[in-house]
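Asks: Protein chains in written order, with our numbering: chain A, 214 to 371; chain B, 11 to 544.
Backbone N, C-alpha and C define an ideal beta-carbon position, used for all residues, glycine too.
As the structure is a computational prediction, the values presented were derived from the model and not from experiment.
Here it is: the structure, laid out below.
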Amino acid sequence: MTSSTAHLIGTDRRFGEAQRLMLAVLAGLMIPAEADLPAAADDAILDETLRELGNRAAVVARGLDHLARITGDTHTAPFTLLDPDSQMSLISRLRRDEPEFLRCFETVVAACYYRDDRVLEALGLAARAPFPDGHTVAPTDWALLDPVRLRKPFFRIP
Amino acid sequence: MSRTSDIVDVLIIGAGAAGAAIAHSLVDTRMKILCLEQGDWVRSSDYPTNGRDWESRPDFSGSPNLRRRPADYPIDDTASPIKPVNFNGVGGGTILYMAHFPRFHPADFRTRTLDGVGDDWPITYQSLEPFFAANDRVMGVAGLPGDPACPPKDGLLPPVPLGTLGETVARGFNALGWHWWPSESAIATVPYHGRGACLNLGPCASGCAQGAKASVDITYWPEAIRRGVELRTRCRASRITLDEQGMARGVLYFDDAGVEHEQRAHIVIIACNGIGTPRLLLNSSSGRFPNGLANSSGLVGRNLMLHCMTLTQGTFAHPLSGWQGPIGCSLWSKEFYETDVSRGYARGYTMEILRSSGPVATAQGGLMRGTLPWGKGHHAAFREMFDRSATIVAVGEDLPEESNRVTLDPNTSDSHGIRGVKVKYRLGENSLRMLAHAGQRATEVLRAAGATAVAPTITEGISSGHAMGTTRMGQDPERSVTNAWGRCHDVKNLFIADSSLFVTSGGVNPTSTLQALALYVADQIKLRLDNLFD
């Protein structure tokens, strides 16, 4: 997480340092690393995530403020230093209290994560735009329609 | 305000599916035709499938409230369980539609006579049939002849292949003995009139970079312009003006620089879709028409139909290759299209099988539904979810109800200060019974196809680009806004040529029918040029 944060501080100024750190922790909790799949807190993915979240800075700031507040109500340490179980418990409460923030956060993290080359390749998908190569769909064996072809016309003619 | 000196013969407002068709047809008359379009051309290189962020481009969202392009106008849809979508630009809704291209059925034009609900249209399927065929030739429609659920048609291009997903669901229909057929799709499956063949990019609903999908910016418009129609983009009509005799004098519009002009015309045709058309009429109120232009019936904006719809998703144990291929066009079922009163409702629906989403949309959908968890289980859950789902959408006929309506919104306006709209829509009792039936049948067929799980059917929050009925056509001026060929009862040189004219909604996507209707209106104008305003 330290390397992610250091990278972010130099590249994105729409969020303060504490906000960036909280967003990095949230992204890592949402999609952790596994085998050849990076975490959503990976430097490159998080960089894009923060850039896109910058378009909804007010919603994000409100959500993070609320998360800091509810953390302070029940813990002495900041959210980023809590154990994962405590963090997830607070996220459940955040989901109830600030659904717009979490919806926005999840949407953006998913968009940035699932278009990353490493993620797509780990999932066995081509890391490219659909156009111009497109995809191949096998021709259909229309014998599958034989039972339907046996039916008489059944639309009504007034 | 500047006054444009040239008076045109025909002024069309809106360059979408209907405006393009009527312009293309009327050019035969050699009249001077001008079309004003509030949006712009879309370049093929701008479409999302050109880029790696193809699944998350809000500027190509169907919702104007998310898209927020300068050409968009706000639609307050908070009082509607169905969320209207559109596109404002050359091509209109065809830029983002899925290219489903079914026609209304013959019985759809006679619902009062046959089933005692809704109202009969003042025209028949037979009167539209030549225009359906003409429209198909311009748009290029893929399909397979011989569907026993529909009247025969000629000239179809080879059907869009079903793929693993479609074949899997088709076997489910066969197991139940229910009808299915490859969807008729406005997609060039082979090179067609200068358009390249479909590459199976996937997300037709964010535009087609290949140009295989028939959007009217690449079908009707190039030829209409070559033959002399002038299309003026980034020109937003604000109101229709009247002369002393109560005839339409022309249109006030803002150009790209925000300068207001008046364009005068002998004939004015509105083609702004089921929401934009009543918006323009309601914004054109005057001393003579205090409740909106051409609204002596009080029906402008009323009888809004959006289609009642269900979404039912099944999960399968094996990959379906479902995100490769036109997302909306695979197969459909008309098993429950025609009325059968034993089902507990009148009219019916089409079941359309959608292909599945790409990785981003799959993850976003799973997170929204709560089926894709945070943390350790995330990756395993995603692998079980991605490319293993098939969705059945039922498109059901909602009946016309005057309380379902479009009104002006005093709280919102577009970038030129013209008032936005509010949509008030409620699912009627007949629709609710139909939706319950459709959800059960979709669940049955997905299970018969081998789904290991079927999610609860969704009926609210679904998007619809099918806005219809808000200036209905008819013989009786007290019960309709236009006559049987689209001329407003109240203003004899003002015509409407889009889905606002629909009397009922059918249980199919409306583009094919609204374009045939626009060609029909054009033909009626051409037949009556000597006494058009009598």
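Between the segment 182 to 200 of chain B and the segment 148 to 156 of chain B, do at least 3 Cβ pairs fall closer than 8 angstroms?
Replies: Yes, the segment 182 to 200 of chain B is in contact with the segment 148 to 156 of chain B.
Asks: Determine, using beta carbons only, whether P162 of chain B and P371 of chain A come nearer to each other than 8 angstroms.
Replies: For the purposes of this step, residue 162 of chain B is taken as the residue at position 152 of the second sequence. For the purposes of this step, residue 371 of chain A is taken as the residue at position 158 of the first sequence. No; because the gap between Cβ atoms is not below 8 angstroms, this pair is not in contact.
Asks: Which first and last residues belong to the alpha helix (DSSP H) in which Q300 of chain A is found?
Replies: Position 87 of the first sequence holds residue 300 of chain A. Segment 297 to 310, the alpha helix (DSSP H) holding Q300 of chain A.
Asks: Do you know how far the Cα of S248 of chain B is from the Cα of T299 of chain B?
Replies: Here residue 299 of chain B refers to the residue found at position 289 when the second sequence is read from its first residue. Here residue 248 of chain B refers to the residue found at position 238 when the second sequence is read from its first residue. The sequence given here places Phe at residue 299 of chain B; Thr does not occur at that position. So the two alpha carbons sit approximately 16 angstroms from each other.
Asks: Which residues, in order along the segment 236 to 250 of chain A, keep a beta-carbon less than 7 angstroms from a beta-carbon of chain B?
Replies: Of all residues in the segment 236 to 250 of chain A, L242, M243, I244, P245, E247, L250 have a Cβ within less than 7 angstroms of some Cβ in chain B.
Asks: What are the start and end residues of the alpha helix (DSSP H) that includes L138 of chain B?
Replies: Locating residue 138 of chain B in the second sequence gives position 128, where the first residue counts as 1. Start and end: 135 to 149.
Asks: Kindly indicate the opening and closing residues of the beta strand (DSSP E) around N421 of chain B.
Replies: As a working note, residue 421 of chain B is residue 411 in the second sequence. Unbroken beta strand (DSSP E) run through N421 of chain B: 415 to 423.
Asks: At the level of alpha carbons, what is the spacing between R62 of chain B and D330 of chain A?
Replies: For the purposes of this step, residue 62 of chain B is taken as the residue at position 52 of the second sequence. For the purposes of this step, residue 330 of chain A is taken as the residue at position 117 of the first sequence. Taking the straight line from one Cα to the other gives about 10 angstroms.
Asks: Does G267 of chain A come out as helix, strand or coil in the three-state DSSP assignment?
Replies: Translated into the one-based positions of the first sequence, residue 267 of chain A becomes position 54. Three-state DSSP puts G267 of chain A in a helix.
Asks: Spatial neighbours of V531 of chain B within its chain, please: C-beta separation below 7 angstroms, excluding the five flanking residues on both sides.
Replies: Within the second sequence, the letter at position 521 stands for residue 531 of chain B. Taken in chain order, the residues that qualify are I32, W495, G496, F505, A507.
Asks: Nearest-angstrom Cα distance between G26 of chain B and V518 of chain B?
Replies: Here residue 26 of chain B is taken as the residue at index 16 of the second sequence, counted from 1. Here residue 518 of chain B is taken as the residue at index 508 of the second sequence, counted from 1. When rounded, the distance between both Cα atoms is 19 angstroms.
Asks: Kindly say whether E362 of chain B, judged by its beta-carbon, lies nearer than 8 angstroms to any beta-carbon of chain A.
Replies: Along the second sequence, one-based indexing puts residue 362 of chain B at 352. With 8 angstroms as the cut-off, E362 of chain B does not count as an interface residue toward chain A.
Asks: Name the chain A residues that come within less than 7 angstroms of D69 of chain B, Cβ to Cβ?
Replies: Taking the first residue of the second sequence as position 1, residue 69 of chain B is located at position 59. Neighbours of D69 of chain B on chain A: none; closest Cβ ~12 angstroms, over 7 angstroms.
Asks: Have a look at the DSSP bridge pairing and note the partners of R242 of chain B.
Replies: Numbered from 1 along the second sequence, position 232 holds the residue referred to as residue 242 of chain B. BP columns for R242 of chain B point to B:L46.
Asks: Among the residues of its own chain, which have a CB less than 7 angstroms from the CB of F142 of chain B, if the five just before and after it don't count?
Replies: Position 132 of the second sequence, counted from the start, is the residue given in the question as residue 142 of chain B. Once the five neighbours on either side are set aside, the close Cβ partners of F142 of chain B are R113, S522, A526.
Asks: Compare the C-beta of F367 of chain A with all C-beta atoms of chain B and state if any pair is closer than 8 angstroms.
Replies: On the first sequence, residue 367 of chain A is found 154 positions in, with the first residue counted as 1. So yes, F367 of chain A belongs to the interface.
Asks: Going by DSSP, what residues sit across from L363 of chain A in a beta bridge?
Replies: Working through the first sequence from its first residue, we reach residue 363 of chain A at position 150. Note: L363 of chain A sits in no beta bridge, so no partner.
Asks: Relative to the alpha-carbon of G347 of chain A, which residue among B:A207, B:A458, B:E488 has its alpha-carbon at the smallest distance?
Replies: Within the first sequence, numbered from 1, the residue matching residue 347 of chain A stands at position 134. The residue with the shortest Cα to Cα distance from G347 of chain A is B:A207.
Asks: Distance cutoff 8 angstroms, beta carbons only. Does F344 of chain A sit that close to anything in chain B?
Replies: In the first sequence, residue 344 of chain A corresponds to position 131, counting from 1. Closer than 8 angstroms: yes.
Asks: Are L263 of chain A and Q300 of chain A close, meaning C-beta to C-beta below 8 angstroms?
Replies: Here the question's residue 263 of chain A lines up with position 50 in the first sequence. Here the question's residue 300 of chain A lines up with position 87 in the first sequence. For L263 of chain A and Q300 of chain A, no; Cβs fall outside 8 angstroms.
Asks: Count Cβ pairs between the segment 306 to 317 of chain B and the segment 412 to 426 of chain B that sit closer than 8 angstroms; are there 3 or more?
Replies: They touch, by the three-pair rule.
Asks: Rank B:Q255, B:A275, B:G72, B:T322 by C-alpha distance to the C-alpha of I468 of chain B and give the top, closest one.
Replies: Taking the first residue of the second sequence as 1, we reach residue 468 of chain B at position 458. It is B:T322 whose Cα lies nearest to the Cα of I468 of chain B.
Asks: In terms of residues, what are the limits of the alpha helix (DSSP H) holding M243 of chain A?
Replies: Your numbering for residue 243 of chain A matches position 30 in the first sequence. Looking at the DSSP string, the run of the alpha helix (DSSP H) that includes M243 of chain A is 230 to 243.
Asks: Can you pull the chain C residues whose beta carbon is under 7 angstroms from the beta carbon of R298 of chain B, in chain order?
Replies: Protein chains in the displayed structure are A and B, and chain C is not among them.
Asks: What does R364 of chain A touch in chain B if you count any residue whose Cβ is under 8 angstroms from its own?
Replies: In the first sequence, residue 364 of chain A corresponds to position 151, counting from 1. Within 8 angstroms Cβ-Cβ: P158, H189.
Asks: Contact criterion: CB-CB distance below 8 angstroms. Does H220 of chain A meet it with respect to chain B?
Replies: One-based indexing of the first sequence puts residue 220 of chain A at position 7. Interpretation of H220 of chain A is limited by its pLDDT of 44, a score under 50 that renders its predicted location unreliable; the figure taken from the coordinates is listed afterwards. Not an interface residue.
Asks: Apply the 10 Å Cβ neighbour rule to D87 of chain B and answer buried if 16 or more other Cβ atoms are within range, or exposed otherwise.
Replies: Position 77 of the second sequence, counting from 1, holds the residue named residue 87 of chain B. Buried, because 16 or more other Cβ atoms sit within 10 Å of the Cβ of D87 of chain B.
Asks: I need the boundaries of the beta strand (DSSP E) containing P94 of chain B, first residue and last residue.
Replies: Here the question's residue 94 of chain B lines up with position 84 in the second sequence. Taken as a continuous stretch (DSSP letters only), the beta strand (DSSP E) holding P94 of chain B covers 92 to 94.
Asks: Within a Cβ cutoff of 8 angstroms, which residues of the same chain sit near V200 of chain B, ignoring the five residues on either side of it in sequence?
Replies: If you number the second sequence from 1, residue 200 of chain B lands on position 190. The residues are L167, P168, A207.
Asks: Whose Cβ in chain B lies nearer than 8 angstroms to the Cβ of E319 of chain A?
Replies: Locating residue 319 of chain A in the first sequence gives position 106, where the first residue counts as 1. In chain order: Q374, L377, M378.
Asks: Looking at the strands, I want to know which residues DSSP matches up with W342 of chain B.
Replies: The residue you call residue 342 of chain B lines up with position 332 of the second sequence. For W342 of chain B, which the question treats as bridged, DSSP gives the partners B:W191, B:E362.
Asks: Do T287 of chain A and L234 of chain A have their C-beta atoms within less than 8 angstroms of each other?
Replies: In the first sequence, counting from the first residue as 1, residue 287 of chain A sits at position 74. In the first sequence, counting from the first residue as 1, residue 234 of chain A sits at position 21. Not in contact: T287 of chain A and L234 of chain A (Cβ atoms no closer than 8 angstroms).
Asks: Which residues bound the alpha helix (DSSP H) around D19 of chain B?
Replies: On the second sequence, position 9 is the one that residue 19 of chain B refers to. No alpha helix (DSSP H) contains D19 of chain B, which is instead part of the beta strand (DSSP E) from 18 to 23.
Asks: With DSSP collapsed to three states, give me the class of H220 of chain A.
Replies: Counting from 1 along the first sequence, the entry for residue 220 of chain A is found at position 7. With a pLDDT of only 44 at H220 of chain A, under the threshold of 50, the placement of this residue in the model should not be trusted, and no figure is reported.
Asks: If contact is defined by three or more beta carbon pairs under 8 angstroms, each pair taking one atom from either stretch, is the segment 446 to 463 of chain B in contact with the segment 314 to 332 of chain B?
Replies: In short, these stretches touch, since the Cβ pair count reaches three.
Asks: Give the DSSP bridge partners of T322 of chain B, in chain order.
Replies: Translated into the one-based positions of the second sequence, residue 322 of chain B becomes position 312. Beta-bridge pairing links T322 of chain B to B:I402.
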